[in-house]
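Presented below is the structure to which this report refers.
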């Protein structure tokens, strides 16, 4: 059985960790055009997370509907050509956010998660998305095979935002060409 002192220490550590994560989240840097929420995005890099374990060739397709949108995410298990896992949901842009913040609904609308578009390329070719708590980040691109120099710039920005531990899913040759 835990002593009250040990339990109090554990609660304090959790609170400190939580506040550190919140402090790590930087607000979005630039307004986002509404067309961000239309078309296909390829995931280039991400913070490791349980939900995307063993996920290769991940894509997200947005279908805009005003300030709302539909989302279809595809992940291939084990390899870029592995078994396809499809996830569909809906999202909504948060009013007054210059399109930089949105929520997506999960479990039939029982749970919502907020996401921020932390930064983006001026031409809309790539974007960095994260959770407001600073726990997760994704680098996404309109093409599966980002040009090396563009990818380097985007990854440097991800690091500047404070994210160091990343994994890089693979895409099949010719994807998104």
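Residue numbers (mature numbering (1 follows the signal peptide of the UniProt record, and there is no 0)): -23 to -1, 1 to 154.
Idealized CB from N, CA, C, for every residue including glycine.
- The DSSP assignment places complete beta strand (DSSP E) segments of no fewer than 3 residues inside the segment 39 to 96 at 45 to 54, 61 to 70, 78 to 83, in order along the chain.
- Per DSSP, reduced to three states, the secondary structure at residue 140 is coil, with no helix or strand assignment.
- Between the segment 128 to 141 and the segment 39 to 47 there are fewer than three C-beta pairs closer than 8 angstroms, too few to call the two in contact.
- With contacts defined as CB atoms closer than 8 angstroms, residue 89 and residue 77 fail to qualify as a contacting pair.
- Rounded to whole angstroms, the gap between the alpha carbons of residue 149 and residue 108 is 28 angstroms.
- Under the three-state reduction of DSSP, residue 17 is assigned to strand.
- Secondary structure at residue 35: strand, using DSSP grouped into helix, strand and coil.
- Inter-residue distance for residue 127 and residue 118 is about 10 angstroms (C-alpha atoms, whole angstroms).
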